[in-house]
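Asker:
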Amino acid sequence: MLWLTVTISAYFLLAIVALIDKYLISGPIPNPKVYAFYVGILGILALFLFPLGFLVPNSLDIILSLLAGALYIFALLGLIGALQLFEASRIVPAIGGFLPLSTFGLVYLFSGGEKLGIFQILAFISLIIGSILITFEKAKFITLKSLEISALTAFLFSLAFVLSKFVYLTQPFWSGFIWMRIGGFLAAIFFLFSKEVKEELFKKRVSFKPKTAGIFLSNQALGAGAFLLQNWAIALVPLGFLAFVNALEGTKYVFLLIFTALISLKLPQIIKEKISRKILIQKIIAILLIGGGLALLAI
Numbered sequence: 086m087l088w089l090t091v092t093i094s095a096y097f098l099l100a101i102v103a104l105i106d107k108y109l110i111s112g113p114i115p116n117p118k119v120y121a122f123y124v125g126i127l128g129i130l131a132l133f134l135f136p137l138g139f140l141v142p143n144s145l146d147i148i149l150s151l152l153a154g155a156l157y158i159f160a161l162l163g164l165i166g167a168l169q170l171f172e173a174s175r176i177v178p179a180i181g182g183f184l185p186l187s188t189f190g191l192v193y194l195f196s197g198g199e200k201l202g203i204f205q206i207l208a209f210i211s212l213i214i215g216s217i218l219i220t221f222e223k224a225k226f227i228t229l230k231s232l233e234i235s236a237l238t239a240f241l242f243s244l245a246f247v248l249s250k251f252v253y254l255t256q257p258f259w260s261g262f263i264w265m266r267i268g269g270f271l272a273a274i275f276f277l278f279s280k281e282v283k284e285e286l287f288k289k290r291v292s293f294k295p296k297t298a299g300i301f302l303s304n305q306a307l308g309a310g311a312f313l314l315q316n317w318a319i320a321l322v323p324l325g326f327l328a329f330v331n332a333l334e335g336t337k338y339v340f341l342l343i344f345t346a347l348i349s350l351k352l353p354q355i356i357k358e359k360i361s362r363k364i365l366i367q368k369i370i371a372i373l374l375i376g377g378g379l380a381l382l383a384i
């Protein structure tokens with residue numbers, strides 16, 4: 086069950102990254118497109134991992150690796166676009182529900198059928214419901230349009246996840262990881278041919294203050310570590326349990342809730358979070374569902 090520990094560790098780091106992202110996007114970096122551009126550019130630093138183990142596989146494996154990396158970038162752009170069009174409280178719960186189900190369906194399709202025991206099925210359901218409940222806001226109604234975009238984004242992420250798993254089944258971890266990052270880099274380069282993107286990135290010449298740049302770079306280093314852990318979890322997890330890596334994302338929101346509450350109490354000038362009694366009960370139930378899912382999964 087090493088994959089379970091690695092997955093939770095990845096989401097622990099991603100919770101910290103999300104907290105800093107919230108600060109950066111709401112203040113020093115107001116434009117998510119510019120933020121996404123710098124994230125993509127820094128991703129090419131994976132090329133420095135060559136000495137850890139880089140192989141040139143057959144052409145089919147190279148195409149699979151590049152496709153997996155490119156799909157992740159398209160999914161990420163879809164997520165950013167969805168968050169620009171709709172409130173996060175609509176998009177995040179919807180994607181949180183669609184993503185593990187979509188991954189499970191793709192794994193079933195590509196592998197010819199994977200069987201789970203009763204405890205694994207109950208754990209899977211509990212984790213999904215807990216993940217949706219912890220991010221859901223009753224006041225924010227989900228529209229058909231937001232649901233469609235969420236489903237498409239979740240499908241792209243799922244496809245990227247499943248293809249990544251097949252990459253790690255045929256290649257050593259570091260080699261597969263590097264090839265997929267090359268695929269992501271090529272996908273990012275493709276978007277530079279868009280006139281809108283070029284104007285946004287180069288003509289407006291957005292710059293960071295030294296303090297903001299330091300926070301941003303540190304956060305990206307932390308995010309890179311989390312991304313590596315998540316990919317390691319994908320490489321470690323049995324194919325039939327791949328969807329659990331998605332379903333366990335609810336643990337990220339548990340960590341995020343704890344961090345936000347602590348900072349709100351100690352440093353309200355940075356983040357001020359007001360949670361009503363009703364919302365608190367909802368989140369406690371969600372945490373219990375996620376905890377129950379983890380317990381069932383451990384069994």
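The sequence shown runs 86 to 384 under our numbering.
The C-beta atom is built at its ideal place from N, Cα and C for all residues, glycine as well.
In chain order, what are the residue ranges of uninterrupted beta strand (DSSP E) at least 3 long that sit wholly in the region 121-205?
Answerer: none
Asker: For ARG362, does the count of other Cβ atoms within 10 angstroms reach 16, so buried, or fall short, so exposed?
Answerer: exposed
Asker: Can you give me the C-alpha to C-alpha distance between PRO113 and LEU248, rounded to a whole angstrom?
Answerer: Confidence at PRO113 is low in this model, with a pLDDT of 46, below 50, so the placement of that residue is unreliable and no value is reported for it.
Asker: Are the CB atoms of PHE312 and LEU104 nearer to each other than 8 Å?
Answerer: no
Asker: Report the option in VAL339, GLN205, GLY261 whose CA atom is closest to the CA atom of GLN367.
Answerer: In this structure, VAL339 is the residue among VAL339, GLN205, GLY261 with its C-alpha nearest to the C-alpha of GLN367.
Asker: Can you find the residues in the same chain that come closer than 8 Å, C-beta to C-beta, to LEU87, ignoring five residues on each side of it along the sequence?
Answerer: LEU321
Asker: Thinking C-beta only, is ASN316 closer than 8 Å to ALA102?
Answerer: Residue identity check: residue 102 is Val in the sequence provided, not Ala. The answer is no: Cβ separation not under 8 Å.
Asker: Can you grab the Cα-Cα spacing for the pair THR255 / PRO323, in whole Å?
Answerer: 14 Å
Asker: Please report the straight-line C-alpha distance between ILE206 and GLY190, rounded to a whole angstrom.
Answerer: If you draw a straight line from the Cα of ILE206 to the Cα of GLY190, it comes to about 14 Å.
Asker: Helix, strand or coil for LEU212? Go by DSSP, reduced to three states.
Answerer: helix
Asker: Buried or exposed for PHE209, going by 16 or more other Cβ atoms inside 10 Å?
Answerer: buried
Asker: Determine whether the beta carbon atoms of SER144 and ALA332 lie at a separation below 8 Å.
Answerer: no
Asker: Can you find the residues in the same chain that come closer than 6 Å, C-beta to C-beta, to PRO142, ignoring five residues on each side of it along the sequence?
Answerer: GLN256.
Asker: Return the CA-CA distance between PRO115 and TYR193, expressed in angstroms with no decimal places.
Answerer: Note that PRO115 scores a pLDDT of 46, beneath 50, so its modelled location is shaky; the value from the coordinates is reported in the next line. Using only the alpha carbons, I get a separation of about 41 Å.
Asker: Measuring straight from C-alpha to C-alpha, what distance separates ILE158 and LEU277?
Answerer: So the two alpha carbons sit approximately 13 Å from each other.
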